[in-house]
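Inspection log for the structure reproduced underneath, given as structure tokens.
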Amino acid sequence: MITKPTLEKITPNFGSSLLVKKHVQFLKKNKAFWHFHPEIEIVYVNKGKGKRHIGNHISYFNNSQLVLIGSNLPHLGFMDRLTTNGSETLIQFKPEFLGAEFFKIPEMVAIEQLFERAKKGIRFNIEIKKRIGAKIEELADLEGPTRIISFLHILKELALTDDYTILNADGFAFETQPQDSSKIDVIFKHINENFNQHISLDEIASLVSMTVPAFCRFFKKTTSKTFTKLVNEYRVVHATKLLTESNMSITDICFECGFNNFSHFNKLFKEFTGKSASKYRSGMLNLVQ
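Listed below in structure tokens is the structure:
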């Protein structure tokens with residue numbers, strides 16, 4: 347059984363209260379794992395593509411992204427990591443990094459409310475990405491009070507905009523015990539590697555040493571979804587990637603993603619995206635996320 351830690355330990359550089367990292371080229375050897383941390387996380391990708399799996403939300407981005415992940419909200423590291431002409435800036439900080447009471451003063455109410463919304467995960471949309479993307483990237487080159495002041499300006503912009511989407515509108519509470527979370531890590535790794543093939547309940551349950559009924563109860567309680575629904579979401583997300591990036595026929599994409607029935611694929615794709623695969627493909631040229 348794979349035994350990776352699920353609580354990620356984050357340590358800012360000496361003399362800094364927040365961690366800021368900028369990656370110009372992504373290392374594909376960094377494999378994703380289901381994890382959480384008490385730090386709030388901002389991820390800005392200026393150009394690239396990948397998969398979002400934050401709480402119960404799964405989607406695929408094809409150009410850029412700006413997301414805010416709240417304290418202890420489980421997520422997978424972003425897959426498919428970028429082209430060499432794109433970059434990612436990552437900011438991780440504890441909610442109380444400026445003191446336990448700082449964001450509770452009247453002037454900071456909007457930012458405190460932002461942190462509360464972030465517990466469900468936030469994807470910021472086009473206008474706010476354009477407005478503050480460069481400011482986020484510049485943060486990596488700043489130090490001392492200048493960095494903190496600039497970061498507060500960024501938080502203010504994020505707190506006051508209405509140009510965003512809540513990723514887990516139906517809510518996602520992280521309540522599993524550490525040992526349960528390590529089981530989820532094993533399960534999601536297996537899905538990531540095998541979603542384009544048939545995965546039986548017997549197979550996945552045995553990976554975490556559980557009976558099928560116990561596994562089904564555990565998975566539904568932990569993720570609020572059935573195992574079959576989550577696997578199908580992975581498949582549809584991969585289909586959106588292939589529809590955007592390849593010239594494969596829709597029929598070939600259906601089978602490439604692990605569906606063995608074309609009508610079933612069409613039905614699930616429309617349920618998940620709100621449109622047929624053909625309309626999705628034709629509309630992607632006008633869609634920037």
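Just so we're aligned: the sequence shown equals residues 347 to 635 in the numbering used here.
Virtual Cβ for every residue (Gly too), placed ideally from N, Cα, C.
Could you check if Gln411 is buried or exposed, using at least 16 other CB atoms within 10 Å of its CB as the buried criterion?
-> Start at 1 with the first residue of the sequence shown, and residue 411 comes out as number 65. Here Gln411 is buried, its C-beta having at least 16 other C-beta atoms within 10 Å.
Using three-state DSSP, classify Gly396 as helix, strand or coil.
-> Taking the sequence shown and counting its residues from 1, the one referred to as residue 396 is at position 50. Three-state DSSP puts Gly396 in a strand.
Assign Leu364 to one of two classes, buried (16 or more other C-beta atoms within 10 Å of its C-beta) or exposed (fewer than that).
-> Looking up residue 364 in the sequence shown gives position 18. Leu364 should be labelled buried.
Check whether the stretch 592-607 touches the stretch 554-562, taking contact to mean three or more Cβ pairs, one atom from each stretch, closer than 8 Å.
-> No, they do not touch.
When you compare each of Thr590, Leu589, Glu591 and Val583 to Glu617 by their alpha carbons, which one comes out closest?
-> Counting from 1 along the sequence shown, the entry for residue 617 is found at position 271. Comparing alpha-carbon positions, the option among Thr590, Leu589, Glu591 and Val583 lying closest to Glu617 turns out to be Val583.
On a CA-only basis, which of Leu504, Glu539 and His421 is nearest His399? Give me that one, please.
-> Taking the first residue of the sequence shown as 1, we reach residue 399 at position 53. Minimum Cα distance to His399 is reached at His421.
Report yes or no: do three or more beta-carbon pairs, one from the stretch 463-477 and one from the stretch 507-516, lie closer than 8 Å?
-> Yes: the two stretches touch, three or more of their Cβ pairs being nearer than 8 Å.
Distance, Phe449 Cα to Ile437 Cα = As a first step, residue 437 is located in the sequence shown; it is residue number 91 there, counting from the start. As a first step, residue 449 is located in the sequence shown; it is residue number 103 there, counting from the start. The C-alpha of Phe449 is placed about 18 Å away from the C-alpha of Ile437.
Candidates Lys395, Glu458, Ser624 and Ser433: which alpha carbon is nearest Ile386's?
-> In the sequence shown, residue 386 corresponds to position 40, counting from 1. Nearest option by C-alpha distance: Glu458.
Please confirm whether Asn514 and Lys466 have their CB atoms less than 9 Å apart.
-> On the sequence shown, position 168 is the one that residue 514 refers to. On the sequence shown, position 120 is the one that residue 466 refers to. Closer than 9 Å, so yes.
Selection from Leu419, Phe443 and Leu488 that minimises the alpha carbon distance to Ala464 | Counting from 1 along the sequence shown, the entry for residue 464 is found at position 118. Measuring from the Cα of Ala464, the nearest candidate turns out to be Leu419.
Same chain, Cβ closer than 7 Å to Lys440, neighbours up to 5 away in sequence not counted = Here residue 440 refers to the residue found at position 94 of the sequence shown. Here the set comprises Pro384 and Glu385.
Which class does Glu521 belong to by DSSP, given the choice of helix, strand or coil?
-> The sequence position of residue 521 within the sequence shown is 175, counting from 1. Caution applies to Glu521, whose pLDDT of 48 falls short of 50 and renders its modelled position unreliable; the model cannot decide the point.
8 Å CB neighbourhood of Leu547 in its chain, flanking five on each side removed = Position 201 of the sequence shown, counted from the first residue, corresponds to residue 547. By the criterion of a C-beta distance shorter than 8 Å, Leu547 is surrounded in its chain by Val558, Phe561, Cys562 and Phe573, once the five residues flanking it on both sides are discounted.
In the stretch 560-601, which residue ranges form an unbroken alpha helix (DSSP H) of at least 4 residues, counting only runs that do not cross its ends?
-> Within the stretch 560-601, the complete alpha helix (DSSP H) runs of at least 4 residues are 573-591.
When DSSP labels each residue in this structure, what does Lys374 get in the three-state scheme?
-> Position 28 of the sequence shown, counted from the first residue, corresponds to residue 374. Legend: pLDDT at Lys374 = 46, less than 50; position of this residue unreliable, value from coordinates given subsequently. In the three-state reduction of the DSSP assignment, Lys374 falls in the coil class.
Under a Cβ-count criterion, where at least 16 other Cβ atoms within 10 Å of its own Cβ denotes burial, should Asn392 be classed as buried or exposed?
-> Translated into positions along the sequence shown, residue 392 becomes position 46. Counting Cβ neighbours within 10 Å, Asn392 comes out buried, since at least 16 surround it.
Determine the extent of the alpha helix (DSSP H) in which His369 is found, giving its start and end residues.
-> For the purposes of this step, residue 369 is identified with residue 23 of the sequence shown, where counting begins at 1. It is not in any alpha helix (DSSP H) - His369 instead sits in the beta strand (DSSP E) that spans Leu365 to His369.
Expected contact under 8 Å - CB spacing of Leu501 and Leu460 to nearest Å | Sequence index remark: in the sequence shown, residue 501 carries index 155 (1-based). Sequence index remark: in the sequence shown, residue 460 carries index 114 (1-based). Confirmed, about 7 Å.
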